[in-house]
Every structure is written in structure tokens, then in C-alpha cells.
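Protein chains in written order, with the numbering used here: chain A, 1 to 231; chain B, 1001 to 1231. Take a look at the structure below.
Protein chains: 2
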Amino acid sequence: MADPLEAPHRANAEPSDSPDTKTNLLDAAENLFAHEGVHRASLRAITQSAGANLAAVHYHFGSKEALVREVLARRLGPLNRRRIELLDQVEAADAMPAVKDIVRAFVQPTLEMVQRERGGHAFARFVCRTFSEPDESFRDIVLEQFRDIVARFTTAFERSLPDLPREELFWRFHFMVGSMVHTAGLGFLAHRLSDGLCNPTDLDGLTTRLVRFLTAGLEAKATAIQEADPG
Amino acid sequence: MADPLEAPHRANAEPSDSPDTKTNLLDAAENLFAHEGVHRASLRAITQSAGANLAAVHYHFGSKEALVREVLARRLGPLNRRRIELLDQVEAADAMPAVKDIVRAFVQPTLEMVQRERGGHAFARFVCRTFSEPDESFRDIVLEQFRDIVARFTTAFERSLPDLPREELFWRFHFMVGSMVHTAGLGFLAHRLSDGLCNPTDLDGLTTRLVRFLTAGLEAKATAIQEADPG
DNA sequence: GTCTATATAGCGATAGAC
DNA sequence: GTCTATCGCTATATAGAC
């Protein structure tokens, strides 16, 4: 636990002030799922952290798996709706928007959530983990909602990058998701590996940097399969 | 299990033909760690998949944790040595090499391992998972070896990108790692989300595309904190 | 709606025969 | 070096009192 940015992990304190046991359980679960993993986060630890009884999870959710689903669904819906909302605004202002504005509409909601929402960092880390989770049922909750996002954003990119082949566009979209997920969920690694130079809590700076990096990557000349080397 | 690219997961077949029980255990563990996660992959499942006895893991490795460490160490060492080797070559040919050549030296060994080595895909997925794993002892095995890589490559990038502030360089390095890890470990997601358009097994095409994307991102003009909008 | 007590099952680890 | 049997522990889930 060398890095205070990594684990804001209050073991026995209630993770929220809500009087609602169900909300307390969701908050506690989110926090523990992020830092311990779904498997290691036992119902005993979750209910204890939420100040509730062991049996409370089964009363309110029915099973641990249902709890996981609700933790994911609680934030993913609003997050992706925000993406669409921002993209709508961008497209309303300009029928063929700048690539950087589309990228920002995609990236900003996640980075904002991580910095500004209570428990946002833990949730991002949990989703980051879920992406590589073997359990399809959990991962598919994320991917299900994500299909619409992929459709809307690839269409927007196609319009603003008409010379880019569809296959290459999808790959670049994939690369973009990788950078974003890695940054949102594991930004503290940049802080650690740069010996403190990178500050993952500087929301504006981080967003601007990520948008600029990704925009340049997306706008790069398309890859020719057999390119004649001009050098 | 809709996607055959995702899970080459032969439950009860031996994952290798080696007559060596220890190697069989490492192969079986790697495969199960990738698809089930370290925690869900029980010693019973591992030893059964390896055609060995339950007690074999403790005889050969001493504990499950030691097995995890050996699975990681077996491939990470050669992989990172290969990165350094390629970077040495690039720097020997040109004291101030092109950014794309440095990027390629960083990215290529991983993508090659995923495609060409037996069990490489499973290992990449395992590492991808380990990055976001809460268990520091495992993640630190990866990060430990990675510190040298970060040092060597950021130095190389600094020389070839002299106008880029160090902080921005580290962030871009972080973005690059995110894209690479996401692609190496979860490339099948691109295949799925593009409805089959993206082919994660096309090693040369994928490498070229990733290198081009990342190079453009790294070479983008540095971010000014308060930039005057020229538009 | 919250509690205690417990059922049922799976885990890592180990002892000791072969 | 491989086997069987088992210990000690923790997990999820549930039944039933309050």
C-alpha cells in the first residue's frame, strides 16, 4: 500500500452516509469489488463494511451475482447516456465535427466520473477488472450497453474520417478504449511509474492530454498493406 | 461462448504434450488463470487438466502463490529481454531513431508472443487481468520487471521527441501501454464489436496498425495548458 | 427488515503409504 | 515422485426467531 492514490480503502468504516441499507450495500460492494476483486470480496466483508447483517445481501438482492449486476448497472447507464448526450451536442453544432470533439465526448464522461463522483475511482477500477474478467455474465453487462456506444461513435468517426477504412477505424476505436480504460482504472500506475511526475487527479490536464493523443492516432494516415517505403 | 477466438479452452485435455509434470502444471495453470482467473482456478482443476495429482503442485512449487509467480516469470523475462534487444538494434542503427521504430520495439514482442507462442494468447490475457488485480504481490511481479523497460524506453523517446515535456511523455507512455495490453489480451473484443471485421490473428496487419496509431499519438504537438484557440 | 445459527460445498494445504 | 485421505478453514446461501 505504498501509494495513497491507489487504495482509498476504509476497511471498517461505512462507505456512505446513506440511511438506506441497500445503497450502503451497493457502495460497500463497489469499493470492495474494486480493491479485492469480486471473488475475494466476501459477503461477510461487504455487509460488515456496510454496517449491515450478513443476511442483508440475500434479502435485498437475492444473491451475490445479482449484487454484482446492480453495482455495474447503477453507473453504466448514466455514464453511457452522458456520452450520447455529448455526442448529440457535438453533432448538433456541426454536421461533420472535428475528430477531437468526438473523442472528447467519448472520453470525458468516464474521466469525470472517476474524479468527481463518490466512489468513481473504485468503480472505474472495477470495470477495468471486469473487462478482463472470465465471467462472461458480468462482462456482457458492460458489453451489452457498449454496443450502442460503439455504433453511434463509429458512425460519427466514419463521417469525420471518410478516408479511413472501416476495419482500421474499428481497430483504432479498440486502441482508444484500451487507453481510456487503462487510464481511468489504473491511472495511479502512471503516477507510480513516473515517480510522481504524473498527477492522475488533474482532470482537465489528463483529459486534454488523452484527447490529444487519441485524436492524433485516429487522424493518422491510413495503413497501406504493402507500403512503398519513401525513405 | 459465442466467439471461438475467445476461449480455446480444452477442459480435460492436457494442455501440453510434455512428459514433464512441472511443465504440464505451468501450462495448465497459465491456461486456467487466463480463462478462470487465479482465484477461480482451483488446484484441483489445474492438476486434473495437467493430468497430475492434486498434491503435485505443492510438491513442485510449494504453494499456489509460488505457482502463480512461476507462470508469470516464465514468460515475462524473455519477453522484456526481447524488447531491450530490439531497442538496442534500433539505437545501434541510428542514434536518434524514428519514433515508430521505438514503438515497434516496444509493441512487437508482445503481439508476436500472443500469436506465435503456444499459450501466448492465454498468457496475455492473464497479464491483462493481473494488471488490474488487487493482489499487489502478483501485480508487482509484472511491474518489477517493467520498471527497467519504462526507464529504457522513456529515455529513447525523450531523445527522439526532445520538445515533449517529460510529464506528457510519461502520460503518452501510459496511454500506449493501455492500448497494447488491451489489444494483446482482449483483441477478440475488437473482433466481436466489429462484427467480425477485425481479425486479431493478422499479426503483421495488427502490429502495423497499432504502431501507426501510437506513433501518431506520441508525435502529436505537446499540450499547452492554456492554449489560444486559433480557430 | 434484521438477526442468529447452520446447512452445504469447495478451497489450499498436509501427512503418510507406496 | 506420485498417490489417497483428510484436516482446517471460508465461502454462499438459507431457515426460522424476533
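Glycine residues also receive a C-beta, built at the ideal position from the N, C-alpha and C atoms. It should be emphasised that the depicted structure is a prediction, and the values quoted were computed from it without experimental measurement.
Quiz item: Nearest chain B C-beta to L193 of chain A closer than 7 Å, yes or no?
Solution: Yes, L193 of chain A counts as interfacial toward chain B.
Quiz item: What does G120 of chain A touch in chain B if you count any residue whose Cβ is under 7 Å from its own?
Solution: In chain order: nothing, as chain B lies at least about 16 Å away.
Quiz prompt | Through-space distance from L67 of chain A to N53 of chain A, alpha-carbon basis | solution = In a straight line, the C-alpha of N53 of chain A is about 15 Å away from that of L67 of chain A.
Quiz item: In angstroms, rounded to a whole number, what distance separates the CA positions of M113 of chain A and S1049 of chain B?
Solution: Their Cα atoms are separated by approximately 42 Å.
Quiz prompt | Neighbour list for S1132 of chain B in chain A, Cβ cutoff strictly below 7 Å | solution = Listed along chain A are R125, C128, R129, S132, G185 and L186, each with a C-beta nearer than 7 Å to that of S1132 of chain B.
Quiz prompt | Residue-level contact to chain A via CB, S1179 of chain B, 7 Å cutoff | solution = True, the Cβ-Cβ gap to chain A drops below 7 Å.
Exercise. Alpha carbon to alpha carbon, how far is T47 of chain A from A13 of chain A? Give it in angstroms, no decimals.
Key: With a pLDDT of 41 at A13 of chain A, under the threshold of 50, the modelled position of this residue cannot be trusted, and the question is left open.
Quiz item: Relative to the alpha-carbon of V71 of chain A, which residue among A:T130, A:T207 and A:A216 has its alpha-carbon at the smallest distance?
Solution: Nearest of A:T130, A:T207 and A:A216 to V71 of chain A, Cα basis: A:T130.
Exercise. Could you name the residues of the region 1210-1223 of chain B whose beta carbon sits closer than 8 Å to any beta carbon of chain A, in the order they occur along the chain?
Key: Listed in sequence order: L1210, R1212, F1213, L1214, T1215, A1216, G1217, L1218, E1219, A1220, K1221 and T1223.
Self-check item: Cβ-Cβ separation, V1177 of chain B to H182 of chain A (assumed contact under 8 Å), whole Å
Solution: Contact flag correct, Cβ pair sits at about 7 Å.
Quiz item: Does the region 93-111 of chain A come close enough to the region 207-216 of chain A that 3 or more CB-CB pairs lie under 8 Å?
Solution: Contact holds between the region 207-216 of chain A and the region 93-111 of chain A, because three or more Cβ pairs, one in each stretch, are under 8 Å apart.
Practice problem: Taking the CB atoms as reference points, tell me whether A1122 of chain B and A220 of chain A lie closer together than 7 Å. | Solution: Cβ atoms of A1122 of chain B and A220 of chain A: not closer than 7 Å.
Practice problem: Along the alpha helix (DSSP H) that carries L214 of chain A, what are the first and last residues, could you check? | Solution: Here the alpha helix (DSSP H) through L214 of chain A covers L203 to E219.
Quiz prompt | Beta-carbon proximity check, E167 of chain A vs L1169 of chain B, cutoff 7 Å | solution = No.
Quiz item: Hey, how far is the Cα of P1019 of chain B from the Cα of T1207 of chain B?
Solution: Pairing P1019 of chain B with T1207 of chain B, the inter-Cα distance amounts to about 35 Å.
Exercise. Determine the direct distance from the alpha carbon of V38 of chain A to that of G51 of chain A, and round the result to whole angstroms.
Key: Taking the straight line from one Cα to the other gives about 19 Å.
Quiz item: For A34 of chain A versus R125 of chain A, is the C-beta spacing smaller than 7 Å?
Solution: Cβ atoms of A34 of chain A and R125 of chain A: closer than 7 Å.
Quiz item: Since S160 of chain A is in the alpha helix (DSSP H), which residue starts that stretch and which ends it?
Solution: Per DSSP, S160 of chain A belongs to the alpha helix (DSSP H) from E136 to S160.
Quiz item: Taking the C-alpha atoms as reference points, what is the distance between N199 of chain A and V1150 of chain B?
Solution: Those two C-alpha atoms are separated by around 17 Å.
Quiz item: The alpha helix (DSSP H) with T183 of chain A in it runs from where to where?
Solution: Looking at the DSSP string, the run of the alpha helix (DSSP H) that includes T183 of chain A is R166 to L193.
Quiz item: L1197 of chain B versus chain A: which residues are under 7 Å apart at the beta carbon?
Solution: Residues of chain A passing the Cβ test: R166, E167 and F170.
Quiz item: Is any beta-carbon of chain B found at less than 7 Å from that of P15 of chain A?
Solution: Residue placement at P15 of chain A is flagged as unreliable, the pLDDT there being 49, under the threshold of 50; a coordinate-derived value is accordingly withheld.
Quiz item: Mind pulling the chain A residues with CB within less than 7 Å of A945 of chain B?
Solution: This structure cannot settle anything about residue 945 of chain B, because the visible part of chain B is limited to 1001 through 1231.
Quiz item: For the alpha helix (DSSP H) that contains T86 of chain A, what are its first and last residues?
Solution: The sequence as given places Leu at residue 86 of chain A; Thr does not occur at that position. K64 to A93 is the span of the alpha helix (DSSP H), which, as asked, contains L86 of chain A.
Quiz item: V150 of chain A CB to nearest chain B CB: under 7 Å?
Solution: By this cut-off, V150 of chain A is an interface position.
Self-check item: As assigned by DSSP and simplified to three states, the class of E1014 of chain B
Solution: Bear in mind that the predicted position of E1014 of chain B carries a pLDDT of just 43, short of 50, making it unreliable; the figure below should be weighed with that in mind. Three-state DSSP puts E1014 of chain B in coil, outside helix and strand.
Practice problem: Look at Q1145 of chain B and L1086 of chain B and say whether their C-beta atoms are less than 7 Å apart. | Solution: No, the Cβ-Cβ distance between Q1145 of chain B and L1086 of chain B is not below 7 Å.
Exercise. Would you kindly report the start and end of the unbroken alpha helix (DSSP H) that includes M113 of chain A?
Key: DSSP places M113 of chain A inside the alpha helix (DSSP H), whose first and last residues are V99 to R116.
Quiz item: In terms of residues, what are the limits of the alpha helix (DSSP H) holding G987 of chain B?
Solution: Residue 987 of chain B is absent from the model: chain B starts at 1001 and stops at 1231.
Quiz item: In chain A, which residues lie with their C-beta within 8 Å of the C-beta of H1060 of chain B?
Solution: Per Cβ cutoff of 8 Å: no residues; H1060 of chain B is ~25 Å from chain A at best.
Quiz item: In angstroms, rounded to a whole number, what distance separates the CA positions of T110 of chain A and E1065 of chain B?
Solution: Cα-Cα distance, rounded: 34 Å.
Quiz item: Starting from N1024 of chain B and walking both ways along the alpha helix (DSSP H), at which residues does that stretch end?
Solution: For N1024 of chain B, the uninterrupted alpha helix (DSSP H) segment begins and ends at T1021 to E1036.
Self-check item: Spatial distance of P162 of chain A from T155 of chain A (CA atoms)
Solution: Rounded to whole angstroms, P162 of chain A to T155 of chain A spans 10 Å at the Cα level.
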